[in-house]
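Which chain is which? The protein sequence lines are A and B, in order.
Residues 1 to 385 in the numbering used here are what the first sequence lists, from first letter to last.
Residues 1001 to 1407 in the numbering used here are what the second sequence lists, from first letter to last.
Note that CB positions come from ideal geometry on N, CA and C, so glycine has one too.
Just so it is clear, the structure is predicted and the values come from calculations on it, not from any experiment.
Structure, as structure tokens:
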Amino acid sequence: MDEEKIPLWRDDRVLKVVGQVIAVIVFVTVMLILGSNIARNFQALGITFGFDFLGRAASFGIGDTPIPYTPSDSYGRAILVGLVNSLRVMILGIILATVVGITVGIARLSDNWLLRQIAGTYVELFRNTPLLLQLFCWYFAVFLNLPGDLQNPPRLPGPIFLTQRGVDMPWPSGTLQTWLSVAFLLVSAVLALIVWRRRVMVMVQRGESGRSLQLILIVIGVLALLALVFGLQWERPNLSDNAITGGLNLSPEFGAVLFGLVFYTAAFIAEVVRAGIQSVTKGQWEAARALGLQPGLAMRLVIFPQALRVMIPPLTSEYLNLAKNSSLAIAVGYADVYATSFTTSNQTGRTIEMILILMATYLAINLIISLGMNTFNRSVQLKER
Amino acid sequence: MTTTNPEPSALSAPPTAQISPVAWAKRNLFSDWSNTILTVVCLGAIAWLAYGLLNWIFTQAQWQVISANLRLFFVGRYPAQLMWRPWTVLGIIALSAGLTWGILARSTWLFNQTGLVVLGVIAAICVALAVPVSLNTSLLLLAILGVSVAAAFAGQRIGQRFPTLVSWLPLIWLGIFFVVFGLIRGGLFLQEVRLDDLSGLLLTLLTAIVSIVLSFPLGVLLALGRQSNLPVVRWMSIGFIEIIRGLPLITILFMSSLLVPLVLPPNVRIDRVVRAIAGLTLFSAAYLAENVRGGLQSIPRGQSEAAKALGLSAPLVTVLIILPQALKAVIPTIVGQFISLFKDTSLLAIVGFAELLGISQSILSNPNFLGRYQEVYAFDTVIYFCCCYAMALASRRLERQLGTGQR
């Protein structure tokens, strides 16, 4: 076979290199053109690039301030308040959406036909309408529709009051005793976990009953319950002549964003859960039942751990979506990190700086959620040897 | 459970057990005491909800806010003297949809039971519209529906005559899109309507459809770029996809409305709608790219090796062998992405567009309709739900027809 020289323009290796060089040149050129445009526009508008404005007084008010803030504080502080607000909604939202989503997902597979239909309708309705519309519904049609006068507001046991100024509910009062109780609760949780592990180990490896360790667990549980009920010093909201004082007030904006995100994301999580459970083969169910496990136990000990392996990657992306969707809070006036950044950008004209800050914030939040979920994922995957 | 079929045949469907309603209820609703309690609780909840909902719909809700603003909801502030253009567009779309339906269903029944029910419901809605709107509108809608049905019968005949027409349908629809767009927009000898002046459902549909059509090829290109063995192309694709996917859509729309004017030369001005569509397209393309990548990864290596062994060049392997299989495998997720893009157009309301949700907000700020949130949002919910659910149903049908999951 004689070596025929391939011409350069048909040589695969040459073409690949040339193609990449052209791609780089095009990319760099476009960036340079855009950059020079930015520079020229900046010059024309008389603005400079820099983050010094973050130290100036913000002079705009924020409704929900989980950390102390006044309009005379700096822009940086305002954005920090927004960030805390965002994180508050994201963390609570992820927890609640998981609970609701798993419940609905299991309900969709229930033996009861009626329950299946209800869960299915919920999922289809919430998945097929925009989140923004749902947020508006929660805010304008639900929360702002609650009674405005404080004579006799709707009252849930607790007492929890539902009024136009949001939800008022009992909350620990924040004295020294509260913090001591919180510390005690944390310690007892860690202790209980250690004892539980130990008990399982004793039962599995030595075949003992683990009765004494169970007793210790019960004692810890009772003590923790006492600390929870009496130690935290719950402050109950009081209704006294047209004002509710004490307790924790959750603003209608916060409520709308939280409820909207939770019920929207839960519908998607329900589908993830359903698909995960259906991915476990029928034989597993039958084997678990044959071993004498009750349906609830079979679900908890056999089916769900296996379904979890399939569920975690899509679950991660639902959590990421929830975190990103929390930026819609601006539509109902909840001061999250996007809303405060947007106001800052409008007031100072520092669009590019604020976009960079926003990008960094959201990318960091996404990264943290992804890393956490990936670690969790590794811990539940099959350990193959 | 162990029924032995006397003569097993591979093609016959499994026998469906006929059970009486009582036995069915016993098995599905009252199998044991916990199930019975659940049923009773569910029945109670449904009754309570249904009573509340019906009571609200028929006694408390004031539907004038909807009937008085129907035109605003659908076409927004489209010039009143040019209303014939949206109507013509509706007619064209109904005609082509009917024809397409007929061509696709050329070898089966045109309308099965569900199809007839849906048709009946649409006709009933058209008739019912005569009361709040006007008799003329109702008649016009019924006529368009009639045209659509007639076109379906005609399409069936045409489809039987020219079976190859099916593969041309996407191109024909692209052509129809340009005609429709031209009609809405004007130009040439028609009076021009500025894109920025569009609003209502019209704007929602326009932005959604244009973004869907543009983001699909872009998403496929990005997915291919991410799988490419050229490092520069791969890293650029990965960077783009991951950055866009890490950001909320609202920040991208914010960028497209505030940053784009800063990076363009001072004398270049782009319509706001075009910038918003660009933002939606880039956003959706990054997600589509990940969906398509899933499909690309599901194609066994043997496929491309076999294609190369047959002497196909690299681009032909991709276009003829890999992509058709990969796209077929991920139709449900792609349509899911389109549905979420359609829902995401509502975010334009935040950046100041009067699409369906935006125009709803501006109607609600009209002092005549103050506080009529529930009615307006219920109406919006119905519209969004119908559009999204129709897309989901269409995707399931397409999936069945293409036989995804069967190799």
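Query: Use the C-beta contact count for M1255(B): other C-beta atoms within 10 angstroms, 16 or more gives buried, fewer gives exposed.; Result: buried
Query: DSSP beta-bridge partners for V167(A)?; Result: L162(A) and L250(A)
Query: Using a 10 Å radius around the Cβ and a threshold of 16 neighbouring Cβ atoms, would you call I62(A) buried or exposed?; Result: buried
Query: For A23(A), name the three-state secondary structure that DSSP assigns.; Result: helix
Query: List the endpoints of the continuous alpha helix (DSSP H) containing T1114(B).; Result: Q1113 to A1128
Query: Restricting to Cα atoms, I'd like to know which of L1165(B), A1286(B) and L1090(B) is closest to G1146(B).; Result: L1090(B)
Query: Kindly indicate the opening and closing residues of the beta strand (DSSP E) around N238(A).; Result: N238 to S240
Query: Comparing the C-beta of N1035(B) with each C-beta of chain A, is any distance below 7 Å?; Result: yes
Query: With the cut-off set at 7 Å, would you say S1237(B) and G1225(B) are in Cβ contact?; Result: yes
Query: Taking only runs of the alpha helix (DSSP H) that begin and end inside the region 243-311 of chain A, which ones reach a length of at least 4 residues, in chain order?; Result: 252-279 and 282-290
Query: Between T265(A) and chain B, is any beta-carbon pair separated by less than 7 Å?; Result: no
Query: For S1346(B), decide whether its Cβ has a neighbour in chain A, counting only Cβ atoms nearer than 7 Å.; Result: yes
Query: Which ranges does the alpha helix (DSSP H) cover as unbroken runs of at least 4 residues, wholly within the region 120-208 of chain A, from first to last along the chain?; Result: 131-136 and 176-201
Query: Name the residue from I1244(B), P1265(B), L1230(B) and I1066(B) whose alpha carbon lies nearest to the alpha carbon of F1369(B).; Result: I1066(B)
Query: Please report how far the alpha carbon of R40(A) lies from the alpha carbon of G55(A), in whole angstroms.; Result: 26 Å
Query: Should N1267(B) be labelled buried (16 or more other beta-carbon atoms within 10 Å of its own) or exposed?; Result: exposed
Query: In three-state DSSP terms, what is S74(A)?; Result: strand
Query: Roughly how many angstroms lie between the CA atoms of A224(A) and S212(A), to the nearest whole one?; Result: 19 Å
Query: Give the straight-line distance between the Cα atoms of A97(A) and G105(A), rounded to the nearest whole angstrom.; Result: 11 Å
Query: Under 6 Å Cβ to Cβ from V388(A), same chain only, skipping five residues before and after it: list those, please.; Result: Nothing can be reported for residue 388(A): it is not among the residues displayed for chain A, which extend from 1 to 385.
Query: Distance, Cα to Cα, I1321(B) vs L1296(B)?; Result: 11 Å
Query: Straight-line CA distance for R1301(B) to N128(A)?; Result: 37 Å
Query: Between I369(A) and chain B, is any beta-carbon pair separated by less than 7 Å?; Result: no
Query: Can you give me the C-alpha to C-alpha distance between P170(A) and A227(A), rounded to a whole angstrom?; Result: 16 Å
Query: When we look at the beta-carbon of T361(A) and count the other beta-carbons within 10 Å, is it buried (16 or more) or exposed?; Result: buried
Query: So, does the CB of N128(A) fall closer than 7 Å to a CB anywhere in chain B?; Result: yes
Query: What is the rounded straight-line gap between the Cα of G1187(B) and the Cα of I1209(B)?; Result: 20 Å
Query: In the structure shown, what three-state DSSP assignment does G1187(B) receive?; Result: strand
Query: Give the interface partners of V1263(B) over in chain A, defined as CB-CB distance under 7 Å, in chain order.; Result: L34, N37 and I38
Query: Considering only residues of the same chain and omitting the five flanking positions on each side of A1278(B), which have a CB-CB separation below 7 Å?; Result: S1256
Query: Unbroken alpha helix (DSSP H) runs of length 4 or more, entirely within the region 1331-1378 of chain B: which are they?; Result: 1331-1344 and 1356-1364
Query: Starting from K5(A), trace the alpha helix (DSSP H) both ways and give me its first and last residue.; Result: Unbroken run through K5(A): none, as it is neither H nor E.
Query: What are the start and end residues of the alpha helix (DSSP H) that includes I1057(B)?; Result: Element bounds for I1057(B): n/a, residue is neither H nor E.
Query: Out of curiosity, what's the CA-to-CA distance linking T1003(B) and Q1062(B)?; Result: Below a pLDDT of 50, predicted positions are generally treated as unreliable, and T1003(B), at 46, falls in that range; the measurement from the model is reported next regardless. Rounded to whole angstroms, T1003(B) to Q1062(B) spans 58 Å at the Cα level.
Query: Nearest chain A C-beta to Q1409(B) closer than 7 Å, yes or no?; Result: Because residue 1409(B) is not part of the residues shown, which for chain B are 1001 to 1407, the question remains open.
Query: Roughly how many whole angstroms lie between the Cα atoms of Y1287(B) and I1241(B)?; Result: 7 Å
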